[in-house]
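Input: a single structure, listed below in structure tokens.
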Amino acid sequence: MLNHFFLTIFGILKILIAFGIAAFFSFIGSVFLGLVNAAVINTAITKSEKSALWLAFGGVLPEIPYTLIAILGASYVGVLENYKIHLSIAMGVVFILMGLTSMLKKNATPVTTEEPKTGAFSNFTKGFLLAIANPQLIFYWSGYLILFQTGAFTDGKPFFTFTDSPWDPTKWSFAFGAAAGAFLILFIYIKLSTVYKNQLTKLIGDKFSLIIGALFIGIGLFTIIKNVI
């Protein structure tokens with residue numbers, strides 16, 4: 189009975205450790221301004237905090253399946269690796285087109301006392317599509333998982349291990365931790381953008397669409413150049 193109790197406690201601890209580690213590295217990896225981050229900030233400034241939260245929620249959901257694919261084995265990563273260049277070029281072109289579209293839009297950001305419509309579904313979908321277009325998350329997590337499983341951070345002793353079962357709670361805890369870490373940094377960006385909305389609007393004015401467009405185009409060109417040259 190006592191052994192069963194300690195095994196249960198150890199299992200719960202392992203699940204919590206997997207969640208915490210995934211959340212931490214996801215948070216750190218999401219700090220730098222990317223497509224979802226930029227879209228969230230833009231939405232918080234030009235629409236509303238609720239709209240930005242819906243976009244953020246859609247933007248972190250792909251973290252779960254992509255992390256699970258990375259966990260499930262190198263065979264899945266290998267299949268995508270064969271098409272990595274093609275996927276990267278396609279993604280780069282899409283990002284460039286999105287950037288051009290954003291730059292051509294007239295971005296008026298008047299500050300009004302009326303609460304804009306949330307547009308929950310449209311913002312959720314936008315965030316989800318932006319994030320799902322980035323399967324490089326699979327390779328990002330595959331690299332970290334190799335380090336975790338080989339004990340590169342702990343002198344040969346792995347942080348945690350996964351079983352072969354697809355329902356292993358540690359796997360799912362790790363995947364949800366990745367989504368939680370990404371959402372936390374987006375939540376911080378939303379709060380900061382909401383608090384300093386007026387200052388950001390005055391500072392950036394109607395140039396935000398140009399800035400976001402340039403960012404999208406830059407990421408698109410970088411994605412293509414990095415994987416072609």
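In the working numbering, the protein residues as written are 189 to 417. Glycine residues also receive a C-beta, built at the ideal position from the N, C-alpha and C atoms.
### Message
By the three-class DSSP mapping on this structure, what secondary structure does glycine 307 have?
### Response
coil
### Query
Going by C-alpha distance, which of Ile203, Ile257, Gly208 and Lys235 is nearest serine 330?
Serine 330 has its Cα closest to that of Ile257, out of Ile203, Ile257, Gly208 and Lys235.
### Task
Would you mind reading off the limits of the alpha helix (DSSP H) that contains serine 361?
357-383
### Query
Three-state secondary structure (DSSP) at valine 219?
coil
#### Entry: Span separating the alpha-carbon of lysine 202 from that of isoleucine 229
Looking at the backbone, the Cα of lysine 202 and that of isoleucine 229 are separated by about 35 Å.
### Task
With a 10 Å radius around its C-beta and 16 neighbouring C-beta atoms as the bar for buried, classify glycine 406 as buried or exposed.
exposed
### Query
What's the gap between the Cα of serine 361 and the Cα of phenylalanine 327?
19 Å
### Message
Which residue marks the beginning of the alpha helix (DSSP H) containing phenylalanine 245, and which one marks its end?
### Response
237-248
### Query
According to the neighbour-count rule (16 or more other Cβ atoms, all chains shown, within 10 Å of its Cβ), is lysine 414 buried or exposed?
exposed
### Task
Identify, in the order they occur along the chain, each residue of the same chain with its Cβ nearer than 6 Å to the Cβ of leucine 403, setting aside the five sequence neighbours on each side.
Ala226
### Message
Does leucine 292 pass the burial test, meaning 16 or more other C-beta atoms within 10 Å, or should it be called exposed?
### Response
exposed
### Task
Would you tell me roughly how many angstroms separate the C-alpha atoms of alanine 240 and alanine 368, rounded to the nearest one?
Between alanine 240 and alanine 368, the C-alpha separation is close to 16 Å.
### Message
Does threonine 196 come out as helix, strand or coil in the three-state DSSP assignment?
### Response
If DSSP states are grouped into helix, strand and coil, threonine 196 belongs with the helices.
### Message
Since glycine 280 and leucine 409 should fall inside the 8 Å C-beta cutoff, what is the C-beta to C-beta distance between them, to a whole number of angstroms?
### Response
Yes, they are in contact, since the Cβ atoms of glycine 280 and leucine 409 sit about 7 Å apart, within 8 Å.
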